[in-house]
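Take a look at the structure below.
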Amino acid sequence: MSQTVTLSTNEKLSAIAGDFKGKDIVSLDQLSADDLHRVFALAGHMKQLVLDKEPCQLLAGQVISLLFFEPSSRTFGSFASAIKRLGGQTIDIQNPETVSSVKKGETFEDTIRVFEAYSDAIVLRHPQPGAARRAAMCAEFIPIVNAGDGNNEHPTQTILDLYTLYERFGRLDNLTGLLAGDVLNSRTLHSLLRGLSLFENNTIYLLSPEKLRLKREDLALFRSRNLIIHEITSEKDIPRDCQFWYWTRIQKERFDSISEYNDMVAQRFTVTPALLAQYAGQETIVMDPLPRIGTIDTEVDKDTRAVYLRSQIRNGLYTRMALLALVLGRA
Amino acid sequence: MSQTVTLSTNEKLSAIAGDFKGKDIVSLDQLSADDLHRVFALAGHMKQLVLDKEPCQLLAGQVISLLFFEPSSRTFGSFASAIKRLGGQTIDIQNPETVSSVKKGETFEDTIRVFEAYSDAIVLRHPQPGAARRAAMCAEFIPIVNAGDGNNEHPTQTILDLYTLYERFGRLDNLTGLLAGDVLNSRTLHSLLRGLSLFENNTIYLLSPEKLRLKREDLALFRSRNLIIHEITSEKDIPRDCQFWYWTRIQKERFDSISEYNDMVAQRFTVTPALLAQYAGQETIVMDPLPRIGTIDTEVDKDTRAVYLRSQIRNGLYTRMALLALVLGRA
Amino acid sequence: MSQTVTLSTNEKLSAIAGDFKGKDIVSLDQLSADDLHRVFALAGHMKQLVLDKEPCQLLAGQVISLLFFEPSSRTFGSFASAIKRLGGQTIDIQNPETVSSVKKGETFEDTIRVFEAYSDAIVLRHPQPGAARRAAMCAEFIPIVNAGDGNNEHPTQTILDLYTLYERFGRLDNLTGLLAGDVLNSRTLHSLLRGLSLFENNTIYLLSPEKLRLKREDLALFRSRNLIIHEITSEKDIPRDCQFWYWTRIQKERFDSISEYNDMVAQRFTVTPALLAQYAGQETIVMDPLPRIGTIDTEVDKDTRAVYLRSQIRNGLYTRMALLALVLGRA
């Protein structure tokens, strides 16, 4: 009797493979090197558009829900600006307390379908790993863009990190970089490794305390995917020819005692002018996913090699503009 | 000496009577059958406009305050989308904590007059019954649209419910429907009964536990207003020829004990595929004001007769677009 | 090696001196009488634009962050409306809880630089005195507009107050006015005195309890800056020829005991119809920065001399539109 016509959600969630229109962006794994280059090329145009300060109507008439189940003012602001700079409009749900239907007992899936009815796309932030995939499975007609789902994925962060490298060095292969800090647990570092592994001949130095090294199976995986990886435990082993440093925070809770933390980490996993002077090259750029908490001394800010509050944060805007234009079929 | 020129607020709050421009929408009682048909005709155009994905400038230059004194993400999102799809702009006050002037001791009336000065209309959500009328009484120059004032009224909910019936069946008279659940207390059901009573020859089956029947005076009132009402207490008495089922939640707190609730309600006031198979017709549509909490099994979602997450929620957008365009004098 | 090119923030923060474009608006002291007249002239045009209800594109393509570290729904609404009536867009961060990066430990300066990357201007509300200046010091490329930083400054409040006088009387010199209430502590009154002191031959009556008089050094300062000041402690000494009354709240906490408060203040520092009838002139306008809490009886509202819920609040919209258009270089 009653028949249901449903779009295959697998298709929306599948690899981009050159065709962004209508696709969900849930995981970095959906994007190939070619897909990333397409985003980067468009991001370059977006940058010019912002610098020219010309009103743009690319997303005119589009209404996009910013559905934030946990606060994240930076990511929220970046997406909101991206949409509005393209002439689109937003529905802002940024305080978890106001997702009132959920408080009343509505399922997450019902909330997604309700906002699907109001919107041309949903940008979703959620504390639970896998939430973006669940949303993509139930939204039939519009793209879901993952703006971070717990410790699972935050694909637009990695896209902006890769674009920052691409923009500076004109390529994403044959790079040498340092990833430092909590190599074992950092979602951001793992995603960046996955992104870099899509390109040829990249050499990565992983600097961390011994107990925060990459899991052995992850190390094997990334090595099998083109990456040349060196694990180091002392800043003394950072090579001078790194094109980039990417620093992440080490939480005290990772250690059994404060004294172990003090021995292993304190004072040693913070970028200072002295550290830069001793181990960085003239062209080494210093990156940070922000917020930086103990990772980079503010004295480093005025060094032009520090890009975290300059091109890196701005590239988040340009790449999100590009990605939204693509999935909404406007570019 | 000092003289005051004040618009008669009675005029703004009066029956629409064919002229929406500048009127408040506080109560369903302001609208006649003809007024509703005018909204429905325009809602049909709005639906086409949304489906065509063409940017619209009908509310260009209009700034509308969404003044939400209690959270309601669904209603907020629906109004925000309605305004933005018509090219209008919003001032979002959706977190009660941020209505800071009220926290500091400002009267509700002062807050309304302040936001009147900033806006072309105010969409008001408030936990207190009568708040929308109070707002309408003090806003002199712009329309107030009631987006729910406590257990009093939520007129746009009823308008979208009626439109959902109208769109599907091409009429609002000569219908047979089932309203089930907390018939005694549900604001939504009472409003829907009032709406249906504006049209000829509708037959309504009210299904509820004995103790949650309509008040006798309300029953008499609705019967005096054209409605043919049958009260039933068992699903076995649902007639096969219902055009629609409208299900509402029964709260445990309505019963003296959990065992009474379990006897009377549990498992019996939830729509399941089995219930549909046994008692619904081929054309019976299943409605719910959402959030659904225990009222409808998710297994029912894929049945095409289930409209609550499909046309019903989308019709909220189209009818709110229509209503806003009308009170703002743009249609 | 690494070189930094930084705009002189002193230049952005300096006196306006006829050139608003790109300047921060942190303090009233940046504006001369000529600068204020430029704002007022433009505010007049803005008023006409709003009254004509014509869509305006002056800020088309501009994205402005409303960064509110404490709730202030009235100021938020006024700025949001000003931006949107000019065709601009906003990024709304109005709930302090959602400034999540700060919660995570990000410095205020980093947050400002992140939002600078997303925006063409930042409107900042912050509970800490001096926050606006700190923001202006670290935002290199875009203007910061102070929307109130603790008990320090709220320059747009004073600009709207002065414009309200200017609009009504056609001048800001040769006025006689009453400032009443907490003359010792009110930020609003102090700023208004500073504003009025920029113009010639104004006479101000300061009405307060003895213990809430202006500090002697402030009194001397304002007298040295053109103002003719009379301190009074009884309403009986209010002259009939005041062009305006500006009333502010006296908090009970200012007194050692409730009985002292009752003796000194209660019933005496509230504007009532009787007080107006006895001491105000036919042309005296009654102003209040809102929210009014105990300062003005609601019975006064219908008196046409009461402008606080009429022109005064609307002038906040017009002057903010003017100021934003000026600092963004669009007027």
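Residue numbers (the working numbering), protein chains in the order written: chain S, 59 to 389; chain B, 59 to 389; chain G, 59 to 389. All C-beta atoms in this analysis are idealised placements derived from N, C-alpha and C, irrespective of residue type, glycine included.
Check: Our contact map puts Ser123 (chain S) next to Ile83 (chain S) with C-beta atoms below 8 Å; I'd like the distance itself, whole angstroms only.; Outcome: Actually they are not in contact, since the Cβ atoms of Ser123 (chain S) and Ile83 (chain S) sit about 15 Å apart, beyond 8 Å.
Check: Relative to the C-alpha of Leu256 (chain B), which residue among B:Lys294, B:Gly76, B:Ile74 and B:Asp87 is closest?; Outcome: B:Asp87
Check: If you draw a straight line from the alpha carbon of Val203 (chain B) to that of Asp219 (chain G), how long is it in whole angstroms?; Outcome: 31 Å
Check: For Ile170 (chain G), which of helix, strand or coil comes out of DSSP?; Outcome: helix
Check: For the stretch 93 to 120 of chain B, list every residue whose C-beta sits within 8 Å of some C-beta in chain S, in sequence order.; Outcome: Lys111, Glu112, Pro113 and Cys114
Check: Leaving aside the five residues before and after Ile354 (chain S) along the sequence, list all residues of the same chain whose C-beta is less than 8 Å from its C-beta, in chain order.; Outcome: Trp305, Thr328, Val329, Val344, Asp346, Ala364 and Tyr366
Check: Short of 6 Å in beta carbon distance, which residues of its chain neighbour Leu94 (chain G), apart from the five on each side in sequence? Order them along the chain.; Outcome: none
Check: Listing by chain order, which chain B residues have their CB less than 8 Å from the CB of Ser136 (chain G)?; Outcome: Tyr176
Check: Name the DSSP bridge partner or partners of Tyr176 (chain G)?; Outcome: Answer is none; Tyr176 (chain G) lacks a bridge partner.
Check: Counting only Cβ-Cβ distances shorter than 7 Å, please list the residues of the stretch 240 to 261 of chain S near chain B, keeping chain order.; Outcome: none
Check: Give the list of continuous beta strand (DSSP E) stretches no shorter than 3 residues that lie fully inside the stretch 284 to 347 of chain G.; Outcome: 286 to 290, 302 to 305 and 343 to 345
Check: Using the beta-carbon count (16 or more within 10 Å), is Ala75 (chain S) buried or exposed?; Outcome: exposed
Check: Which runs of the beta strand (DSSP E) fall wholly inside the stretch 230 to 273 of chain G and span at least 3 residues, in chain order?; Outcome: 234 to 238 and 261 to 265
Check: Would the stretch 231 to 248 of chain B and the stretch 293 to 309 of chain B be scored as touching if the rule is three or more Cβ pairs under 8 Å?; Outcome: yes
Check: Would you mind giving the Cβ-Cβ distance between Met379 (chain G) and Ala140 (chain G), rounded to the nearest angstrom? I have them listed as a contact below 8 Å.; Outcome: 4 Å
Check: If I follow the unbroken alpha helix (DSSP H) through Gln215 (chain G), where does it start and stop?; Outcome: Pro213 to Phe227
Check: For Ser177 (chain G), does the count of other Cβ atoms within 10 angstroms reach 16, so buried, or fall short, so exposed?; Outcome: buried
Check: Is there at least one Cβ from chain G nearer than 7 Å to Arg143 (chain S)'s Cβ?; Outcome: yes
Check: Can you give me the C-alpha to C-alpha distance between Gly163 (chain G) and Ala190 (chain G), rounded to a whole angstrom?; Outcome: 20 Å
Check: Ends of the alpha helix (DSSP H) at Phe134 (chain S)?; Outcome: Ser131 to Arg143
Check: Excluding the five sequence neighbours on either side, which residues of its own chain have a C-beta within less than 7 Å of the C-beta of Gly339 (chain S), listed in chain order?; Outcome: Arg298, Asp299 and Cys300
Check: When the Cα atoms are used, what is the spatial distance from Val181 (chain B) to Lys70 (chain B)?; Outcome: 15 Å
Check: Would Gln115 (chain G) be called buried (16 or more neighbouring beta carbons within 10 Å of its own) or exposed?; Outcome: exposed
Check: Looking only at its chain, what residues have a beta carbon closer than 7 Å to the beta carbon of Asn210 (chain S), apart from the 5 residues adjacent to it on each side?; Outcome: Pro187 and Gly188
Check: Quick one: grab the DSSP three-state call for Asn204 (chain G).; Outcome: strand
Check: For Thr148 (chain S), which beta-bridge partners are listed by DSSP?; Outcome: S:Ile122
Check: Measure the Cβ-Cβ separation of Ser131 (chain S) and Ile151 (chain G) and say whether it is below 7 Å.; Outcome: yes
Check: Keeping to the same chain, check which residues put their C-beta closer than 7 Å to that of Arg281 (chain S); ignore five residues upstream and five downstream.; Outcome: Ile287
Check: If you draw a straight line from the C-alpha of Ser136 (chain B) to the C-alpha of Val121 (chain S), how long is it?; Outcome: 11 Å
Check: Measure the beta-carbon distance from Leu100 (chain S) to Leu384 (chain S) and round it to whole angstroms, keeping in mind my assumption that it falls under 8 Å.; Outcome: 7 Å
Check: Kindly identify the DSSP beta-bridge partner or partners of His184 (chain G).; Outcome: G:Asp207
Check: Quick test of your reading: Tyr319 (chain G) and Ile290 (chain G), contact by CB under 8 Å. State the CB separation rounded to the nearest angstrom.; Outcome: At roughly 19 Å, the Cβ-Cβ gap does not stay under 8 Å, so Tyr319 (chain G) and Ile290 (chain G) are not in contact.
Check: What does a CB cutoff of less than 7 Å around Ile200 (chain S) pick up in its chain, not counting 5 residues either side in sequence?; Outcome: Glu174, Ser177, Asp178, Ala179 and Ile180
Check: Starting from the C-beta of Pro331 (chain G), find all residues in its chain whose C-beta is less than 8 Å away, skip the five residues before and the five after it, and write them out in chain order.; Outcome: Asp355, Glu357, Val358 and Asp361
Check: Please state if the CB of Lys142 (chain B) and the CB of Gln147 (chain S) are separated by a distance shorter than 7 Å.; Outcome: yes
Check: Could you give the residue range of the alpha helix (DSSP H) that holds Lys105 (chain B)?; Outcome: Ala91 to Asp110
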